[in-house]
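Protein chains in written order, with my numbering: chain A, 1 to 678; chain B, 1 to 494. Glycine included, each C-beta is placed from N, C-alpha and C at the ideal position. First comes the structure, then the notes that go with it.
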Amino acid sequence: MEMQKLYLLVPLAPLFGAMIAGLFCRVIPRWVAHTATILGVAVAFACSVLIFQDVLAGNTYNGPVYTWLTSGDYKFEVGFLIDTLTATMMLVVTFVSLMVHIYTIGYMHEDPGYNRFFSYISLFTFSMLMLVMANNFMQLFFGWEAVGLVSYLLIGFWYTRPTAIFANMKAFLVNRVGDFGFILGIGLVLAHFGSLDYAAVFAKAPTLADATINIWGAADWSLMTVTCICLFIGAMGKSAQVPLHVWLPDSMEGPTPISALIHAATMVTAGIFMVSRMSPLFELSTTALSFVIVIGAITALFMGFLGIIQNDIKRVVAYSTLSQLGYMTVALGASAYSVAIFHLMTHAFFKALLFLAAGSVIIGMHHDQDIRNMGGLRKYMPITWITSLIGSLALIGTPFLSGFYSKDSIIEAVALSHIPGSGFAYFAVLAGVFVTAFYSFRMYFLVFHGEERFGKADDAHHHEHDGDHDDEETSHDHHHGLAPGQKPHETPWVVWLPLVLLAIPSMVVGYFAIEPMLFGDYFKGVIFVDHEAHPAMEHLVGHFHGAAAMGVHAFTTAPFILALAGVVLSWFFYMKRPDIPAAIQRRFSAIHTLFENKYYFDKINEFVFAGGARVIGKALWRGGDVAVIDGIVVNGSAKVVGWIASIVRFFQTGYVYHYAFTMIIGLFVLMTLWINRA
Amino acid sequence: MSTYPLLSLAIWIPIFAGLLILATGGDRNAPLARMLSLAGAIAGFVVTIPLWTGFDVASGGMQFVELSTWIPRFNINYHLGVDGISMLFVILNAFITIIVVAAGWEVIQNKVAQYNAAFLIMSGLMNGIFTSLDGMLFYVFFEASLIPLYLIIGVWGGPNRVYAAFKFFLYTLFGSLLFLIALMYLFINSGGSFSILEWHKLPITLNAQIWIFLAFMIAFAVKVPMWPVHTWLPDAHVEAPTGGSIVLAAIALKLGAYGFLRFSLPIAPDASHELSGLVVALSLIAVVYIGFVALVQADMKKLVAYSSIAHMGFVTLGFFMFSAMGIEGALVQMVSHGFVSGAMFFCIGVMYDRVHSRQIADYGGVVNTMPKFAAFFMLFSMANAGLPATSGFVGEFMVILGAVKFNFWVAFAAASSLIIGAAYTLWMYKRVIFGDVANEHVAELSDINKREFLILGVLALCTLWMGLYPQPFTEVMHASVNDLLRHVAISKIQ
């Protein structure tokens with residue numbers, strides 16, 4: 001079969017599945033919906049494997065599918081760019097998506113929206129594949145917004161829950177703020193490069209390296225800096241970087257499978273992918289890279305802190321995702337694009353694993369998500385326990401597991417980077433290692449070890465949650481929990497099988513992939529690094545002596561010691577002396593309040609932006625439209641006409657001699673004027 | 001190319017069909033009136049299809065031209081023709097007429113024949129506007145088209161219909177009077193010609209151009225409507241029956257925008273350049289200011305009406321950037337807005353027919369009782385918010401991208417609609433559709449019937465088609481838009 005047809009099949013197979021499950025969701029039985037969608041994604045995965053092998057053999061592709069639009073001198077096409085970066089993303093997306101599809105059979109089997117859910121996740125897979133396979137900015141933007149739409153639909157999947165439908169609107173709008181920057185960036189690319197085609201733009205980029213544009217005042221700005229920062233604002237929305245991160249924790253309102261697929265493994269990494277794809281542009285602006293590294297570092301560290309105080313199992317994982325996305329962004333800023341993609345890949349596996357395991361725990365706990373009500377689950381859910389442990393160890397960077405290789409490489413790369421902001425970033429990612437280990441194992445210990453706190457007679461159904469995100473009165477799916485005396489149970493095979501299948505790459509993929517991906521020719525000609533200006537990657541090569549040596553060496557380095565300290569401390573705090581964290585919380589209540597309110601981002605956004613927009617709208621409407629335009633001008637002129645008419649009416653007496661008299665006078669006046677004119 | 005006078009057929013079939021329907025008389029014959037209306041609308045649509053299939057995309061000039069003398073004493077001719085700028089609107093207009101007739105099928109039970117006749121006559125008159133190449137003929141159609149819409153609002157409208165109808169009529173009449181004065185000036189200065197194409201070539205001093213431009217602009221700005229002469233539109237929409245709102249949004253608003261391209265730009269090119277800053281500023285005010293106003297509306301129809309004004313801001317912005325991307329993007333936006341706003345008003349009509357309220361606060365949780373409807377409404381809401389793969393995206397994308405080249409801050413202001421547009425649309429959607437069933441009215445709702453499904457389905461297909469493959473739509477515009485741009489680039493001052 002021709003490869004081009006295979007490329008086309010990859011996104012279209014899930015789309016077809018989504019259409020079957022979606023358009024006929026009310027008539028087809030459940031097995032048709034999940035068979036059709038799983039088949040679609042399985043085909044996409046199989047094709048991705050074939051394409052991956054083909055790409056490894058050196059067959060890349062860049063070509064159009066059809067002309068979307070022509071206008072003036074510009075031509076916009078829908079097309080595919082198939083290279084190692086695309087192929088990697090395709091594998092990750094289709095594999096995780098397939099796992100999540102299978103998992104969903106078990107997770108959603110009681111839900112009345114079963115068919116609709118399958119339709120959405122397949123539609124998501126299609127959109128994400130269109131995004132990563134794009135060979136131009138227009139299609140990238142299409143995929144970008146389409147994944148945003150599906151994310152919106154899925155966060156609000158349980159549409160009767162007020163929190164869910166608030167969270168999905170918030171997610172869409174915050175993403176739109178990012179897209180606002182993104183589309184301006186795309187506009188700058190089109191205006192100055194004359195094309196939206198990746199190849200054409202990247203080829204022209206070096207000639208515009210020193211170009212400037214006049215944006216504000218007398219000073220000229222570097223075109224590359226402005227363009228790259230605009231594009232990165234898009235990435236900040238999608239990849240949830242501070243301050244546009246606020247939507248991601250709330251997105252946990254959606255069902256757990258999509259938290260794994262969309263809000264951990266794939267969609268939120270679209271920004272990382274995009275910046276890596278644009279490496280020929282970002283490399284031309286150290287200023288933009290500094291901006292990237294600082295934003296990433298802030299996200300990596302400060303979002304990690306918030307993970308420490310969460311009690312909702314999904315929210316702990318969500319803040320961990322935010323923090324890890326910060327790590328990837330830091331890698332981008334350090335010009336270590338390949339490392340960012342590497343971490344994206346390993347993170348996709350272990351974070352999807354952690355989310356799905358959390359979902360398994362939630363099923364076992366009958367939809368109680370509060371880790372304070374858990375404990376000792378390892379006896380009842382052994383497979384979930386072991387796979388969670390593997391995921392957590394991979395996340396904190398245990399040597400030889402996949403997360404270790406990617407995270408350690410990021411830390412190394414940042415250490416070797418010399419752009420402004422890299423010093424702060426190095427501190428942030430190093431401190432982040434400790435924080436990650438601490439919150440991950442806090443959750444792990446509280447869920448799987450220690451005293452069994454579930455099924456207590458005291459009302460587990462209506463305990464107070466922290467924060468403002470719970471409303472148990474209205475939720476249909478939240479307020480279960482285990483009845484007194486009831487025990488959790490291991491989940492069915494459709495749920496635990498994906499955990500096992502994700503645990504395998506979480507362990508081994510790093511070991512095997514690090515050498516070719518980071519130090520080989522894997523991304524040659526795909527990712528561009530200006531080694532003169534940003535030599536971090538080049539230096540990193542010199543430090544690398546094989547994956548095994550790297551793992552052994554790690555036991556003596558700061559990140560390992562910090563991670564170990566985090567694990568030990570969380571064990572001590574939550575297993576041995578639970579009174580200490582409570583005491584700390586009392587002692588430092590100001591900081592705790594700050595964390596609990598998530599640095600007040602939500603409150604500020606709510607008050608300043610949402611409130612401000614409504615006030616402006618009311619003022620413009622009541623003041624502008626109603627008072628001035630309608631009140632004074634329109635109705636006012638109508639009144640003036642009425643007033644004049646009421647005066648003129650006096651002259652309309654109805655007597656012929658009055659009119660005749662007026663006419664004679666008028667004629668007289670006119671004739672006088674006419675005569676005098678001459 | 002066809003030898004039939006297609007454009008005359010496109011104008012007169014609906015008008016004669018309308019007169020025939022009037023002849024059916026009272027509501028005793030309502031079923032017959034409905035069938036005749038549908039037949040007339042479909043016939044009117046069928047004759048417009050060859051305009052597209054037989055269109056010569058390489059030619060930027062007028063096609064399907066018909067010319068005969070009308071009033072020889074004043075050199076007024078019955079002169080028709082379409083180019084790449086007007087052709088799509090004739091088809092869109094004929095298409096929307098079918099939708100409107102279908103939309104009122106069961107809903108209108110009072111004066112059925114008169115209602116449908118008004119729409120068909122209106123459709124023919126608006127085709128006359130889009131195809132006239134004679135200034136006086138244009139003016140006659142332009143003014144005559146006010147009457148059916150005035151009657152539709154005034155007779156079949158809501159409780160405050162008389163105020164709304166008067167406001168609409170006086171606003172537009174005020175604009176057209178200045179337009180007539182400009183036409184008279186051009187008639188005299190061109191040595192007694194009403195030919196629009198002759199006027200395009202007429203040299204005019206800058207001073208005179210500016211006056212002509214302003215006279216045109218006031219007439220067209222009222223129709224578009226541009227800020228600050230927009231306040232008639234929300235009132236008209238709120239009071240109009242569903243069909244009236246669909247025609248108003250989908251077609252009537254396009255007349256003003258079309259006028260800018262047919263009259264203002266080519267007749268007064270120097271003044272257009274001179275005053276482009278004014279139009280761009282007013283367009284951006286429409287996008288931003290009106291977006292905020294839309295956000296706080298409590299009435300769904302008002303909200304969508306304001307969003308129409310904001311979307312039309314993109315159209316006038318696109319025109320006055322003087323680039324192919326800008327003008328074609330604006331034209332695409334006009335066609336797309338025909339589908340999307342038509343569908344939005346129809347959706348609101350579907351809910352209004354059942355609950356008899358347009359207030360957002362009277363709804364909530366509609367998805368529980370109307371899942372199919374909610375899915376369609378979601379699609380059109382997303383199109384209204386400019387989501388890619390829907391037609392709403394294409395025009396905005398082109399205009400924003402064109403604007404970056406024109407001026408970064410203009411693009412910045414225009415792109416803010418990405419956020420504001422999504423905010424007002426999705427906020428409304430959330431409050432109306434999502435959530436638990438809010439009250440017993442919502443609990444009693446029945447989902448859309450086959451007729452409503454068909455209408456929404458057809459509009460959905462159009463929206464997606466134009467979003468996924470806009471090339472056929474822009475292909476026909478290229479030659480005419482390029483001719484226009486070349487023409488506008490040359491000064492007329494001698």
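Determine the chain B residues that contact ARG30(A) at a beta-carbon separation under 8 Å, and present them in chain order. Within the first sequence, numbered from 1, the residue matching residue 30(A) stands at position 30. Per Cβ cutoff of 8 Å: no residues; ARG30(A) is ~17 Å from chain B at best.
Open item on the list: Counting beta carbon pairs with one atom in the stretch 262-276 of chain A and one in the stretch 296-306 of chain A, are three or more of them shorter than 8 Å?
Closed with: For the pair of segments examined, the stretch 296-306 of chain A was found not to touch the stretch 262-276 of chain A: the number of CB pairs separated by less than 8 Å stays below three.
Can you tell me whether TYR363(B) is buried or exposed? The criterion is at least 16 other CB atoms within 10 Å of its CB, across all chains shown.
As a position in the second sequence, residue 363(B) is number 363, starting the count at 1. Flag for TYR363(B) reads buried.
query: If you follow the beta strand (DSSP E) that HIS79(B) is part of, which residue opens it and which one closes it?
result: Position 79 of the second sequence, counted from the start, is the residue given in the question as residue 79(B). Taken as a continuous stretch (DSSP letters only), the beta strand (DSSP E) holding HIS79(B) covers 76-82.
Counting along the chain, where does the beta strand (DSSP E) carrying LEU133(B) start and finish? Working through the second sequence from its first residue, we reach residue 133(B) at position 133. No beta strand (DSSP E) holds LEU133(B); DSSP gives it neither H nor E.
| request: Using a Cβ cut-off of 8 Å, pull out every chain A residue sitting near MET325(B), in sequence order please. | output: Indexing the second sequence from 1 puts residue 325(B) at position 325. Per Cβ cutoff of 8 Å: SER71, GLY72 and TYR74.
**Message:** Would ALA358(A) pass as an interface residue toward chain B - the criterion being a Cβ-Cβ separation below 8 Å?
**Reply:** Working through the first sequence from its first residue, we reach residue 358(A) at position 358. False, the Cβ-Cβ gap to chain B never drops below 8 Å.
| Three-state secondary structure (DSSP) at SER222(A)? | Locating residue 222(A) in the first sequence gives position 222, counting from the first residue. In this structure, SER222(A) counts as strand in the three-state DSSP scheme.
So, are the CB atoms of LEU332(A) and VAL96(A) less than 8 Å apart? Here residue 332(A) refers to the residue found at position 332 of the first sequence. Here residue 96(A) refers to the residue found at position 96 of the first sequence. The answer is no: Cβ separation not under 8 Å.
### Query
Since VAL43(A) contacts LEU9(A) with CB under 8 Å, what's their CB separation in whole angstroms?
Taking the first residue of the first sequence as position 1, residue 43(A) is located at position 43. Taking the first residue of the first sequence as position 1, residue 9(A) is located at position 9. Correct: roughly 7 Å between the Cβ atoms.
Flag THR60(A) as yes when its Cβ comes closer than 7 Å to any non-hydrogen atom of the ligand HEM, and as no otherwise.
The ligand HEM is absent from the structure shown, which contains no ligands of any kind.
- 8 Å Cβ shell around GLY450(A) - same chain, five flanking residues per side excluded: Translated into positions along the first sequence, residue 450(A) becomes position 450. Result list for GLY450(A): GLY375, GLY376, TYR574 and MET575, in chain order.
Please state the DSSP three-state secondary structure of ALA268(B).
Start at 1 with the first residue of the second sequence, and residue 268(B) comes out as number 268. Of the three classes helix, strand and coil, the one that applies to ALA268(B) here is coil, per DSSP.
Taking DSSP's pairing of strands, which residues face ASN136(A) in a bridge?
As a working mapping, residue 136(A) is identified with position 136 in the first sequence. In the DSSP output, where bridge partners are listed per residue, ASN136(A) has ASP197(A).
- Item | Beta bridge counterpart(s) of THR70(A) as assigned by DSSP | In the first sequence, counting from the first residue as 1, residue 70(A) sits at position 70. Beta-bridge pairing links THR70(A) to LYS75(A).
**Prompt:** Short check: CB of GLY187(A) to CB of LEU401(B), under 8 Å?
**Reply:** Locating residue 187(A) in the first sequence gives position 187, counting from the first residue. Locating residue 401(B) in the second sequence gives position 401, counting from the first residue. Taking a C-beta distance under 8 Å as the contact criterion, GLY187(A) and LEU401(B) qualify as a contact pair.
| request: Thinking LEU233(B) and ALA305(B) are a contact (beta carbons under 8 Å), I'd like their distance in whole angstroms, please. | output: Sequence index remark: in the second sequence, residue 233(B) carries index 233 (1-based). Sequence index remark: in the second sequence, residue 305(B) carries index 305 (1-based). That belief holds up - the Cβ atoms of LEU233(B) and ALA305(B) are roughly 5 Å apart, short of 8 Å.
List, in chain order, every chain A residue whose beta-carbon is nearer than 7 Å to that of THR231(B).
As a first step, residue 231(B) is located in the second sequence; it is residue number 231 there, counting from the start. Under the 7 Å cutoff, chain A gives ASP625, ILE629, ASP630 and VAL634.
_So that I know if they touch, is there some Cβ in chain B lying closer than 8 Å to that of THR160(A)?_
Locating residue 160(A) in the first sequence gives position 160, where the first residue counts as 1. Under the Cβ distance rule, THR160(A) counts among the residues neighbouring chain B, one pair being separated by less than 8 Å.
| said: I'd like to know whether the C-beta of ALA340(A) is nearer than 8 Å to at least one C-beta of chain B. | reply: Within the first sequence, numbered from 1, the residue matching residue 340(A) stands at position 340. For ALA340(A), the answer is no, since every Cβ of chain B falls outside 8 Å of its Cβ.
| request: Report the partner residues of SER195(B) according to the DSSP bridge assignment. | output: Counted from its first residue, the second sequence places residue 195(B) at position 195. Its beta-bridge partners are ASP134(B).
Check: Thinking C-alpha only, which one of VAL177(A), HIS545(A) and PHE448(A) is nearest ALA423(B)?
Finding: Residue 423(B) sits at position 423 when you count from the first residue of the second sequence. Here the closest residue by C-alpha is VAL177(A).
Own chain residues within Cβ distance below 7 Å of VAL340(B), not counting five before or after: Here residue 340(B) is taken as the residue at index 340 of the second sequence, counted from 1. Cβ within range, chain order: PHE380, ALA383, ASN384, SER391, GLY392 and THR463.
message = Run through chain B and tell me which residues come within less than 9 Å of VAL177(A), C-beta to C-beta.
response = For the purposes of this step, residue 177(A) is taken as residue 177 along the first sequence, with counting starting at 1. Per Cβ cutoff of 9 Å: LEU418 and ILE419.
- Item | Residues, ordered as in the chain, of the stretch 429-450 of chain B that lie near chain A by beta-carbon distance below 7 Å | LYS430, PHE434, GLY435 and ASP436
- prompt: Got a sec: is the Cβ-Cβ distance from ARG614(A) to anything in chain B below 8 Å?
  reply: Indexing the first sequence from 1 puts residue 614(A) at position 614. Chain B contact via Cβ: present.
Q) At a Cβ cut of 8 Å, what residues of the stretch 54-86 of chain B count as close to chain A, listed as they run along the chain? A) none
*Does THR67(A) get closer than 8 Å to chain B when you measure Cβ to Cβ?*
Walking along the first sequence from the start, residue 67(A) turns up at place 67. It does; some Cβ of chain B falls within 8 Å.
| Opening and closing residue of the alpha helix (DSSP H) in which VAL242(A) lies | One-based indexing of the first sequence puts residue 242(A) at position 242. Segment: none, VAL242(A) is in no alpha helix (DSSP H) and carries neither H nor E.
Where in the stretch 297-339 of chain A do unbroken runs of the beta strand (DSSP E), each at least 3 residues long, occur, reported from the N-terminal end onward? none
query = For the beta strand (DSSP E) that contains ILE213(A), what are its first and last residues?
reply = As a position in the first sequence, residue 213(A) is number 213, starting the count at 1. Run containing ILE213(A): 212-214, per the beta strand (DSSP E) assignment.
Exercise. Where does the unbroken alpha helix (DSSP H) through SER341(B) begin, and where does it stop?
Worked result: Against the second sequence, residue 341(B) aligns to sequence position 341. Counting along the chain, the alpha helix (DSSP H) containing SER341(B) begins and ends at 324-355.
Going along the chain, which residues of the stretch 188-219 of chain A sit with their C-beta nearer than 8 Å to a C-beta in chain B? LEU188, LEU190, ALA191, ILE213 and ILE215
- [ ] Would you please state the rounded distance, in angstroms, between the beta carbons of GLU538(A) and HIS545(A)? I believe it to be under 8 Å.
- [x] Here residue 538(A) is taken as the residue at index 538 of the first sequence, counted from 1. Here residue 545(A) is taken as the residue at index 545 of the first sequence, counted from 1. In fact, because the Cβ distance is near 16 Å, the residues do not count as touching under 8 Å.
Output the distance between the C-alpha atoms of HIS469(A) and LEU149(B), rounded to the nearest integer angstrom. As a working note, residue 469(A) is residue 469 in the first sequence. As a working note, residue 149(B) is residue 149 in the second sequence. Note that HIS469(A) scores 44 on pLDDT, short of 50, meaning its location in the model is unreliable and no value can be drawn from it.
*Anyone know if the C-beta pair for ALA348(A) and VAL100(A) falls short of 8 Å?*
Position 348 of the first sequence, counted from the start, is the residue given in the question as residue 348(A). Position 100 of the first sequence, counted from the start, is the residue given in the question as residue 100(A). Cβ distance not < 8 Å, so ALA348(A) and VAL100(A) don't count as in contact.
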